[in-house]
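>
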Amino acid sequence: MISPLILGFRSANYALGIYVYGNNRLTARDGFTGVANGYYTPTEQYAANNLDKSVIDNALTMTWINDTEYSETIALIPAVTK
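First residue of the sequence shown? That's 104 in my numbering, and the numbers climb one at a time after it.
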């Protein structure tokens, strides 16, 4: 089986749509289709690396992500190094 090609711009678009605008979900629910096959973790990784934690917190508050998705995303936030 061939692995799907994961495109960075697509992960970014998914993350912004889910975490910032609430117009999609990581998984199919609330009338949304969810991210394409193979984009679940890359979307969380993009959010963890590029979005402020307050944006991720708000996505949880607005129920755009669930508790599990929130925990997975927060766990991917890189530690600050000095």
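For each residue, glycine too, the CB sits at the ideal point set by N, CA and C.
DSSP on R132, reduced to helix/strand/coil?
Taking the sequence shown and counting its residues from 1, the one referred to as residue 132 is at position 29. Reduced to three states, the DSSP call for R132 is strand.
> Near G125, what residues of its chain come up, given a Cβ to Cβ distance below 8 Å and the 5 sequence neighbours on each side ignored?
For this step, residue 125 is matched to residue 22 along the sequence shown. The answer, listed in chain order, is A162, M165, W167.
> How would you write the range of the alpha helix (DSSP H) that P145 sits in, first residue to last?
Within the sequence shown, residue 145 is the residue found at index 42, counting from 1. Counting along the chain, the alpha helix (DSSP H) containing P145 begins and ends at 143-153.
> Please classify N140: is it buried, with 16 or more other beta-carbons within 10 angstroms of its beta-carbon, or exposed?
Residue numbering aside, residue 140 sits at position 37 when the sequence shown is read from its first letter. It counts as exposed.
> Using only alpha-carbon positions, find the residue among A118, G111, R113 that is nearest to Y173.
Locating residue 173 in the sequence shown gives position 70, counting from the first residue. Taking only the C-alpha atoms, the option nearest Y173 is A118.
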